[in-house]
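Worksheet for the structure shown next.
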Amino acid sequence: MKNFKTLAIAGALIALPSLALAQDAAPGFDEIGPYIMTTLLFCMAGFLVFFMAAGFAMLEGGLVRSKNVTMQMTKNIGLFSIAAIMYWLVGFNTMYPGDFNGYFAIGGQTVLDPVGVAAADAALDYASVGSDFFFQLVFVAATASIVSGALAERIKLWPFLVFVVVLTGFMYPISGSWQWGGGWLSEAGFSDFAGSTVVHSVGGWAALAGAIVLGPRLGKYKDGKVNPMPGSNLALATLGTFILWLGWFGFNGGSQLAMGTVGDVSDVSRIFANTNMAAAAGAVTALILTQLMFKKPDLTMVLNGALAGLVSITAEPLAPTLFGALWIGAIGGVIVVFTVPMLDKLKIDDVVGAIPVHLFAGIWGTIAVIFYGEASLGTQLLGIIAYGVFTFVASLVVWFILKAVMGIRVSEEDEINGLDTSELGMEAYPEFAKG
Numbered sequence: 050m051k052n053f054k055t056l057a058i059a060g061a062l063i064a065l066p067s068l069a070l071a072q073d074a075a076p077g078f079d080e081i082g083p084y085i086m087t088t089l090l091f092c093m094a095g096f097l098v099f100f101m102a103a104g105f106a107m108l109e110g111g112l113v114r115s116k117n118v119t120m121q122m123t124k125n126i127g128l129f130s131i132a133a134i135m136y137w138l139v140g141f142n143t144m145y146p147g148d149f150n151g152y153f154a155i156g157g158q159t160v161l162d163p164v165g166v167a168a169a170d171a172a173l174d175y176a177s178v179g180s181d182f183f184f185q186l187v188f189v190a191a192t193a194s195i196v197s198g199a200l201a202e203r204i205k206l207w208p209f210l211v212f213v214v215v216l217t218g219f220m221y222p223i224s225g226s227w228q229w230g231g232g233w234l235s236e237a238g239f240s241d242f243a244g245s246t247v248v249h250s251v252g253g254w255a256a257l258a259g260a261i262v263l264g265p266r267l268g269k270y271k272d273g274k275v276n277p278m279p280g281s282n283l284a285l286a287t288l289g290t291f292i293l294w295l296g297w298f299g300f301n302g303g304s305q306l307a308m309g310t311v312g313d314v315s316d317v318s319r320i321f322a323n324t325n326m327a328a329a330a331g332a333v334t335a336l337i338l339t340q341l342m343f344k345k346p347d348l349t350m351v352l353n354g355a356l357a358g359l360v361s362i363t364a365e366p367l368a369p370t371l372f373g374a375l376w377i378g379a380i381g382g383v384i385v386v387f388t389v390p391m392l393d394k395l396k397i398d399d400v401v402g403a404i405p406v407h408l409f410a411g412i413w414g415t416i417a418v419i420f421y422g423e424a425s426l427g428t429q430l431l432g433i434i435a436y437g438v439f440t441f442v443a444s445l446v447v448w449f450i451l452k453a454v455m456g457i458r459v460s461e462e463d464e465i466n467g468l469d470t471s472e473l474g475m476e477a478y479p480e481f482a483k484g
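In the numbering used here, the protein residues as written are 50 to 484.
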């Protein structure tokens, strides 16, 4: 037995140099661990943000009239699929152009890591290309969904989808590169953690331009009055809001962009808590305000109040305390309640309230960064203006071109009959009378 132990110890001593050489040749866990965990974060957060596509579809399907529900479902699955293709084709490498820090550069196709890539050959300083690409892709699809809801019930399908091609392949990636691609706004000190401006305001500006060019729905504004057009299914709209609320944990939490240390993981949990608090505060604020102003609570305002709270905290969900997240989200709820009627006074018809939620609350959230972050008011306003001017003007140009070339609005007869039958030839609720 004693001889056996001696031989074992001798063998271990002989093997130590070889083991040391192997450790020098291959990356250790300190290098591999952060890569694996950040890749996992992107995948999990990406799944959650992807599910927001279902949330947008359900929210829009519930807030439009029954004769237009199939059209909204078609638009939502179409826009996500187009975004996926365009972001692979040019969008991802346009938004993240490497060392280029200018204003404009069109990238090429995204190329994934090789199958079964070895640790020694992987870029261990960050995460896998596939996870990063997928996580960023679901953000651009959310931007397009914002436009879909605002322009519902009167826009033709194919011109809308052509706009989505331009928005997801070029407009969003170009402006996104200014901040998240290390471009000029990032160098200027502009701060937008998860996209109050980069994602939400961009969608809001594009929707605003489209709503102006498209015009309001028939009968919405008549004889100086605003005629309510109730949605088909408020239960569906509520489900959509809860799905979006759930997806937002991935939206904001994944934007930590790292999960390789105790600090990173703790920060992700802090982001979750702040995100939830802002949504709750926005909903409660809208609930109370509508009771005071209209003598009865308005569910659609409460739903949008929660979403506005989420948009408001998105620019800086990490730094605030829970109380900070509460008051930032609450102001988002106030914004929705007061700006929805303001748009009606301007005769800008936004079917689901996307412009108040994503544009106005997005602007507020971007400004609110100055209370807890290191950005200055000047740089935040610079970013808001830059994104607003670029997106609004570019969207106007595209909408006017589409209007001249293809026509973007259905006929009066088709709008009255509903887009489900006129554009698609099928109804979401064929057994019920048209609503």
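We put the beta carbon where it would ideally sit given N, CA and C, even for glycine.
In this text, all values refer to a predicted model and were calculated from it rather than measured experimentally.
Check, Outcome
"Assigned exposure category for T349 - 16 Cβ within 10 Å defines buried", "buried"
"Per-residue burial, F372 [other beta carbons within 10 Å of its own, 16 or more giving buried]", "exposed"
"Buried versus exposed call for L70 [16 or more other C-beta atoms within 10 Å across all chains shown]", "Residue confidence for L70 is low, a pLDDT of 36 falling below 50, so the modelled location carries little weight; the figure read from the coordinates is stated next. Looking at its Cβ environment, which holds fewer than 16 other Cβ atoms inside 10 Å, L70 is exposed."
"I362: first and last residue of the uninterrupted alpha helix (DSSP H) it sits in", "L348 to T363"
"Distance, L338 Cα to L128 Cα", "35 Å"
"4 or more residues per run - each alpha helix (DSSP H) lying fully within the region 161–235", "178–199, 206–215 and 221–228"
"V275 in three-state terms, based on DSSP", "strand"
"Three-state class that DSSP yields for Y145 in the structure shown", "coil"
"I377 to L283 span [Cα, whole Å]", "27 Å"
"Supposed contact pair T217 and V189 - C-beta distance, whole angstroms, cut 8 Å", "5 Å"
"A365 versus P479 - alpha carbon distance", "In the sequence as presented, Ala is not what sits at residue 365; that position holds Glu. Rounded to whole angstroms, E365 to P479 spans 45 Å at the Cα level."
"The region 292–307 in contact with the region 243–251 per 3-pair CB rule at 8 Å", "yes"
"Selection from P208, A327 and I292 that minimises the alpha carbon distance to T370", "A327"
"Helix, strand or coil at R319 [DSSP, three-state]", "helix"
"Cut-off 7 Å between Cβ atoms - residues of its own chain near A102, not counting five sequence neighbours on either side", "N125, F129, A190 and S194"
"Coil, strand or helix - A71 by DSSP", "At A71 the pLDDT is 40, less than 50, meaning the model places this residue with poor confidence and gives no usable figure here."
"Proximity below 7 Å, CB of A322 to CB of D313", "no"
"Straight-line Cα distance separating T428 from W254", "19 Å"
"Nonlocal neighbours in the same chain, by C-beta distance under 6 Å from E464, ignoring five residues either side", "R203 and L267"
"Burial state of P208 (16 or more Cβ within 10 Å)", "buried"
"C-beta contact flag for L286 and L408 at 7 Å", "Note on residue identity: the sequence assigns Ala, not Leu, to residue 286. No, the Cβ-Cβ distance between A286 and L408 is not below 7 Å."
"Spatially closest choice to T87 from T290, F184 and G147, by CA coordinates", "F184"
"First and last residue of the uninterrupted alpha helix (DSSP H) at K452", "L426 to V454"
"Bridge partners - Y270, DSSP secondary structure assignment", "V275"
"Contact under 7 Å by Cβ, H249 with V333", "no"
"Check whether P491 and G225 have beta carbons under 7 Å apart", "Residue 491 falls outside the range modelled here, since the chain spans only 50 to 484, and no answer is possible."
"Alpha carbon of L293 to alpha carbon of F105, nearest angstrom", "7 Å"
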